[in-house]
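Structure first, commentary second.
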Amino acid sequence: MAEPATAQVRFSLGVITDDAAIYPEVRKHLGGEFRPALASNEDDITSLLQHPELHAILFDLDCIGDGPVDGLDVLAEIRKIQEDTVLVAFTRTNSRTIPMKASQAGADEFFLFPLNYDELKIVLARAVEQRLLQIEGRRAIEQIESKNAFYGLVGASPAIQKVYQSIEAVANNSASVVLRGESGVGKELVARAIVDFGKRSESPFICLNCSALPETLMESELFGYEKGAFTGAEAAKPGLIEMAHTGTLFLDEITTLNPSLQSKLLRVLQERSVQRLGARGAAKKLDFRLITATNDDLEDCVKKGRFREDLYFRINVVPIFIPALRERHGDIALLVDHFLRIYSAAAKKPLKTIKPEVLEILEEYSWPGNVRELENMVQRLVVMNDGPVITAEHLPQNLLYSSTASQEAILIPEEGVNFDAEMEKIEVAYLSAALRRTGGKKTAAANLLQMDPQRMKYLCRKHRID
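Quick note, the sequence shown lines up with residues 7 to 472 if you use this note's numbering.
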């Protein structure tokens with residue numbers, strides 16, 4: 007039976023033990039702070055672990071099976087079920103390895119029996135309060151992320167908000183959409199967001215990068231083929247267009263299609279039907295939505311004859327322009343935090359923090375590879391850096407050389423510099439270089455440095471340069 011709630015009780019506590027003397031002591035010493043509930047058998051434990059608001063568990067490792075070893079296995083299972091609950095384990099076995107094994111199994115704290123209940127009360131209350139703060143912080147972060155995310159896209163800048171608005175406007179109709187923007191801006195993510203937000207979200211989403219396959223394979227991949235249509239066609243195979251029936255077909259880098267395939271695609275769009283290579287019967291009627299993407303200037307491609315004008319008008323019903331990362335002011339910090347979380351979790355590493363000056367460097371960089379380049383860089387920083395904090399020296403050289411902020415960070419590190427010593431180094435460097443250029447002739451070196459020869463001789467004596 008659980009203790010009746012009182013005004014002072016703040017937290018719920020599950021007590022898992024078969025020792026009849028422990029539970030009364032817990033009620034006596036912890037009752038003012040905790041509302042304890044006893045679980046002394048398997049059914050009680052199962053019921054306890056289903057409690058929706060269980061703050062902490064006091065677990066007797068010796069009450070399971072043949073001793074603490076079996077108890078450690080159960081402890082690990084409890085941790086899987088109750089991820090956010092504070093787990094405190096105790097045992098009567100005085101072994102050096104058990105505390106470490108208990109921690110590995112998921113225990114937050116460990117005690118040896120007999121229990122010091124005053125200490126236990128303090129430790130439990132402190133651990134629960136800290137866990138609740140962590141949970142609240144995580145919820146706050148999730149709320150912030152949800153406000154700055156849209157169906158897999160991350161960002162809150164005015165430029166990306168316009169993309170969100172466009173996605174909402176086109177998602178629930180079947181008009182052809184062409185996504186335009188530089189390489190790496192996230193065109194496929196935008197295509198997926200259109201699908202996820204629209205009425206075809208449960209239907210097939212078929213993707214093809216038109217530049218990824220050789221021309222000899224592209225036609226059969228798109229249109230499919232019948233058995234015997236060509237050498238090697240040992241069985242019939244549907245094409246990607248056919249597989250997109252009732253769903254969405256996404257063609258990336260569409261301008262790389264050759265003129266023949268452009269013509270055949272146009273016919274599919276006009277007639278809303280497709281015929282496999284080698285087929286002799288009627289074409290198969292299809293219902294699909296077409297989304298295309300390109301980083302080329304479509305109008306220029308049409309003007310130069312690289313892209314059919316009639317196909318251009320077919321796919322360019324609703325153009326959505328996706329901004330380059332350098333145009334998304336304020337989004338870099340959000341994206342960096344997003345990718346740090348993803349790749350820290352993937353690498354099973356603690357979440358890393360990033361210095362403010364590093365963000366300043368990242369925001370100054372032009373990002374020619376856009377979001378893809380940023381994501382790859384963050385993944386590399388997580389994998390290659392074992393420290394908890396990312397500093398300017400961890401960044402790739404191309405970012406450092408292109409950034410004013412990084413130059414300042416390199417020039418003046420956090421601990422500061424000895425100005426006079428740095429100036430002396432510069433003097434020595436210039437004097438030595440000038441003397442090498444003039445074969446050690448000090449008068450000629452003075453002329454090269456545009457200084458008086460007497461000053462040149464003085465500086466050489468000062469720095470002991472022969």
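Idealized CB from N, CA, C, for every residue including glycine. Predicted, not measured: the structure shown is a model, and the values here were computed from it.
Simplified DSSP state of residue i, which is helix, strand or coil
i      : result
Thr23  : coil
Tyr371 : coil
Lys243 : strand
Asp258 : strand
Glu89  : coil
Leu55  : helix
Val134 : helix
Glu115 : strand
Tyr231 : strand
Lys127 : helix
Phe203 : helix
Thr359 : strand
Phe319 : helix
Thr103 : helix
Pro42  : strand
Val94  : strand
Arg186 : strand
Val423 : coil
Lys291 : strand
Ile396 : strand
Ser172 : helix
Phe345 : helix
Ser180 : coil
Environment of residue i [buried if 16+ CB atoms lie within 10 Å]
i      : result
Arg282 : buried
Leu357 : exposed
His469 : exposed
Ala398 : buried
Asp293 : exposed
Arg286 : exposed
Glu381 : buried
Glu89  : exposed
Ser266 : exposed
His335 : exposed
Val395 : exposed
Pro220 : exposed
Pro423 : It is Val, not Pro, that sits at residue 423 in the sequence shown. By the 10 Å Cβ count, Val423 comes out exposed.
Where the beta strand (DSSP E) through residue i begins and ends
i      : result
Arg278 : Element bounds for Arg278: n/a, residue is neither H nor E.
Val323 : Per DSSP, Val323 belongs to no beta strand (DSSP E) and is neither H nor E.
Ile297 : Arg295 to Thr300
Cys213 : Phe211 to Asn215
Asp66  : Ala62 to Asp66
For residue j and residue i, believed in contact at Cβ under 8 Å, the rounded distance
i      : j      : result
Cys69  : Asp114 : At roughly 19 Å, the Cβ-Cβ gap does not stay under 8 Å, so Cys69 and Asp114 are not in contact.
Leu93  : Ile63  : 5 Å
Gly73  : Thr52  : No, Gly73 and Thr52 are not in contact; Cβ-Cβ is about 22 Å, not under 8 Å.
Ala299 : Lys193 : 4 Å
Residue of the options minimising C-alpha distance to residue i
i      : options                          : result
Val274 : Gly287, Glu248 and Glu259        : Glu248
Leu1   : Cys216, Gly284 and Ala111        : With the chain represented from 7 up to 472, any question about residue 1 goes unanswered, as that position is not in the structure.
Gln385 : Ser372, Asp343 and Asn301        : Asp343
Met383 : Ser372, Pro220 and Phe345        : Phe345
Lys448 : Phe65, Phe40 and Arg467          : Arg467
Arg332 : Lys290, Ala288 and Glu379        : Glu379
Ile28  : Leu55, Phe96 and Leu54           : Phe96
Gly393 : Phe156, Lys361 and Asp258        : Lys361
Glu259 : Ser101, Leu214, Glu59 and Val280 : Leu214
Thr473 : Tyr407, Ile297 and Phe229        : Since the first residue of the chain shown is 7 and the last is 472, residue 473 is not available in this structure.
Glu31  : Phe119, Tyr436 and Ser279        : Phe119
Ile348 : Asp202, Asp472 and Val389        : Val389
Arg16  : Asp50, Ala108, Val134 and Asn322 : Val134
Ile471 : Ala440, Gln456 and Asn453        : Ala440
Range covered by the alpha helix (DSSP H) that runs through residue i
i      : result
Phe236 : First-last for Phe236: undefined, no H or E at that position.
Ala162 : From DSSP, Ala162 is part of no alpha helix (DSSP H); its letter is neither H nor E.
Cys307 : Leu304 to Lys309
Asp72  : Element bounds for Asp72: n/a, residue is neither H nor E.
Tyr464 : Pro459 to Lys468
Val191 : It is not in any alpha helix (DSSP H) - Val191 carries neither H nor E in the DSSP assignment.
Pro30  : Ile28 to Leu36
Leu455 : Premise fails: Leu455 is in no alpha helix (DSSP H) and is neither H nor E.
Asn391 : Neither: Asn391 is in no alpha helix (DSSP H) and is coded neither H nor E.
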